[in-house]
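Each residue of the first sequence is one higher than the last, beginning at 1 in UniProt numbering.
Each residue gets a CB set at the ideal place from its N, CA and C atoms; glycine is no exception.
Encoded as structure tokens, the structure appears first; notes follow it.
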Amino acid sequence: MSSYTLVVCEKPDAARRIASALGSASESRSTAGGVSVFDVMYAGRNYKVCSASGHLYVLADKTKNRSVYPVLDLEWAPIDSGNGNKKNAKGAARAARFINTISFLARGADSFIHACDYDQEGEVIGHSILEYACGGKYDKSLRAKFSTLTDDEVKEAFATLAKPSSRLAQAGRSRHMLDFIYGVNLSRALAQSFKAGSSGYRNLSIGRVQGPTLAFVADRELEIRLHVPDPYWVLTADFDKDGQAVHARYEKPRIEKLAQARAVLDACTGRDGTVSKVSAKKAVLRPPTPFNTGDLQREAYRLFRLSPGYTLAIAEKLYLRALVSYPRTSSQKLPPSINYAKVLSGLAGVSLYSQPASTLLSRGRLVPNEGLMADPAHPAIYPTGVAPRLSGLEFKVYDLIAKRFLATFGDPAVTERTDVSINVNNHVFLAEGRAVLYDGWMALYRPYVNLEQSTLPQLHEGDVLANRQVVMEEKFTQPPWRYSQASLLAKMEEEKIGTKATRADTIATLFKRNYIATKKASGIEATDLGFAVVESMREHAPTIVSTELTRSMEEQLEGIEQGMKEPVDVIEYAVERLVESLATFREQGATIGRQIGSAAATQSNAVIVIGGCPVCKNGQLRIIRSRTTEKRFVGCSNYASGGCRASAPLPQKGGIRVSKTCQCGWPIISVAFGRGGKRWNTCVNMQCPYKRDRASLARRSAQP
DNA sequence: GCAAGGTC
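Laid out in structure tokens, this is it:
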């Protein structure tokens, strides 16, 4: 085979699209790694288009000893089970297959094109591959720059190749370094302090994104706990106009003094009202903008109460089945190159969407209502037009994406708001009506439209309304809302921390660490442990829980990218500041650990009831963690007061759920082993006559 | 058993 140019893309899907944009490509599987490679002729040259699968190289701690800090001596190494996806050894094996394929292809290549996503992380991904898998080829490579992977743009990118920006790569690599140095060292300091100040090890962590996110929740929780409810009074009135009800509220929505409210109540009770003013205003509501990752996550939470992480996982599945476009995007734009007509024709073939899709198609000119946010590598999320076969939540998320896409092409809706002032003995009450005059895009987005309508009878100035009743209600000012997973994610977006692909993961990590917990129906609250971590960080390493760290880091990285700053100086400056914090942890570790440890202990001793006690009949069986051995077991709430000795061992690992009560009267628990692993159901009663696998419970458990 | 960032 003659020589060729090796094109390195960020992910397999991008390689496929880039290859097919250049010409008719033939796909083969590399013998070196078993991953896809595309051969294509373009402008008289042979190209082999291959891809990574995100980052194949990450920073690693050379010493590999997790109990030692500070760790400042880092190296770039292939993802392996030790540095990267510990929870997922498959990830490391997968990375190895891509690296093997690329290094094999690099040997036969005479030139290289860096065609990863054109952003900071993409620059790093390509840089590592060209340097480490291809043998120092970054400086000799050429950069393809594109904002979306359409045929035209890919060709344009290949026609305007230029030297890659090593400044951008340096900025990206420095970002990795800073996050590792701050995150890993402070996490180790936390965990080591905990170990020194209390019994046992606990996996604690903190980082540039985790820190402020946890602080958002903790600070909100404090606001809630410190909130002092102030009373106020609300007056409403119900009138009647020829048998039709008119509901109105007093012009002042809140009255702070009871005496004032009473005075109005007395003055108005039993007196008819006169319409003193009627005004109607039309409003034009523009169609919604197409979904980016966060918009979709928020909308799926609002409508279906899906967590952001779960929504993204479902969207990912839909993407892998070619039903929707790439779901990790910041973009609220739909470039014409995605071919609106093609997508709509596809949807027209699906019975659910055929009517609205055909109507849109028949108009000819299609212009989506784009939002302001853009993404260097992907358009907004849209359906591909491939007919879906889905059910359950997958269908719901797909339907939401499909209807949102349709709605963005709809006409603006027109609504009318009518305000009516009603005079009662010189006091003014207000009634409000809202009506949709033209539904436009709303028809395309049903049932997901969020708009309240309220109707009023025809009213004119001078009309007299019979007063049915005036009601005075005492209310209290409310504390702010707790964050939901969706609003916490929105807060992260607003503060520009984390990325569209990682925000949901960060929230999941905080749950896993037991820093935050869901308080039934009222949202997320910080746990005692979460509070303790924020508090101790504010004292010893305040930047890690503030968004300022991200801001100042961005500034430094910008300096590197512009050539105004050197990476070593930036890193050294960060290290100097961090070392002071770490020294404090080293000196006061035991004290810090005791503070955090006592917070963690309140938690592990928290009462978790799993059922009624079958022995004493009036106590409750609870999961208890022994203070001395730290082992968990089942005990009766009457142990201390009533001397009930009912107890049972528990498996020490795995999440426990109560499924039902066994015929013997004790609870049957369901234990999860590992992530997404099998669940194991068993009665906790050691003497259970109905149980077959007593031996296996004994093996997996320990007596308190 | 540590971060944040890619992607599956």
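Pairing Leu529 with Leu178, the inter-Cα distance amounts to about 26 Å. Here Tyr326 has Tyr319, His378 as same chain residues with Cβ atoms under 7 Å from its own Cβ, once five neighbours each way along the sequence are excluded. In terms of Cβ geometry, Ile181 and Leu296 do not form a close pair [threshold 8 Å]. Taking 8 Å as the upper bound for CB-CB distance, Gly593 and Ser199 are not in contact here, some 10 Å apart.
Around the beta-carbon of Pro229, fewer than 16 other beta-carbon atoms lie within 10 Å, marking it exposed. Around the beta carbon of Asn426, fewer than 16 other beta carbons sit within 10 angstroms, so the residue counts as exposed. For the pair Glu548 and Asp117, the Cα-to-Cα distance works out to about 27 Å.
Arg468 is not a Cβ neighbour of Asp242, given a cutoff of 8 Å. Using a C-beta cut-off of 8 Å, the segment 67-74 makes no contact with the segment 41-50, since fewer than three inter-stretch Cβ pairs fall below that distance. Relative to the Cα of Thr269, the nearest Cα in the group Leu235, Ser276, Val246 belongs to Leu235. If you look at Thr509, you'll find it in the alpha helix (DSSP H) that goes 503-512. Taking C-beta atoms under 8 Å as the contact rule, Thr418 and Leu456 qualify, at a distance of about 6 Å. The C-beta distance from Ile129 to Ala52 rounds to 6 Å, short enough to fall under 8 Å.
Between Ala300 and Thr311 a beta carbon distance of about 4 Å is seen, short of the 8 Å cut, so the two are scored as contacting.
For Phe38, the three-state secondary structure derived from DSSP is strand. According to DSSP, residue pairing for Arg434 in a beta bridge involves Arg417, Ser454. In the three-state scheme derived from DSSP, where H, G and I count as helix and E and B as strand, Cys134 is classed as coil. Secondary structure note for Ala60: its beta strand (DSSP E) is the uninterrupted segment 57-61. In this structure, Lys475 and Tyr232 form a Cβ contact; the two beta carbons are roughly 6 Å apart against a cut-off of 8 Å. In the structure shown, the three-state DSSP call for Asp119 is coil. Of the other Cβ atoms in all chains shown, 16 or more fall within 10 Å of the Cβ of Asp375; this residue is therefore buried. Under the 10 Å beta carbon count, Tyr201 is surrounded by fewer than 16 other beta carbons and is classified as exposed. At the C-beta level, Leu161 and Phe98 stay beyond 8 Å of one another. Excluding the 5 residues flanking it on each side, Val470 has same chain C-beta neighbours closer than 7 Å at Leu235, Ala237, Leu265, Cys268, Thr269, in chain order. Excluding sequence positions up to five before and after Ser354, its CB lies within less than 7 Å of the CB of Ala348, all in the same chain and listed in chain order. Three or more beta-carbon pairs separated by less than 8 Å are not found between the segment 246-261 and the segment 506-515, which leaves the two stretches without contact.
For His247, the enclosing beta strand (DSSP E) starts and ends at 244-250.
Where Arg225 is concerned, the enclosing alpha helix (DSSP H) starts and stops at 210-226.
Bounds of the beta strand (DSSP E) holding Lys282 are 273-285. Rounded to whole angstroms, the separation of the alpha carbons of Ala590 and Lys62 is 27 Å. Inter-segment contact for the segment 388-398 and the segment 446-456 is absent: fewer than three beta-carbon pairs are separated by less than 8 Å. With contact defined as three or more Cβ pairs closer than 8 Å, the segment 134-154 and the segment 326-344 are in contact.
In this structure, the straight-line span from the alpha carbon of Ala32 to that of Ala25 is close to 20 Å. The count of Cβ pairs closer than 8 Å, one atom from the segment 301-310 and one from the segment 484-502, reaches three, so the stretches are in contact.
The criterion of a C-beta distance shorter than 8 Å is not satisfied by Leu204 and Ile544. Counting only runs that start and end inside the segment 507-578, the alpha helix (DSSP H) elements of at least 4 residues fall at 528-540, 548-561.
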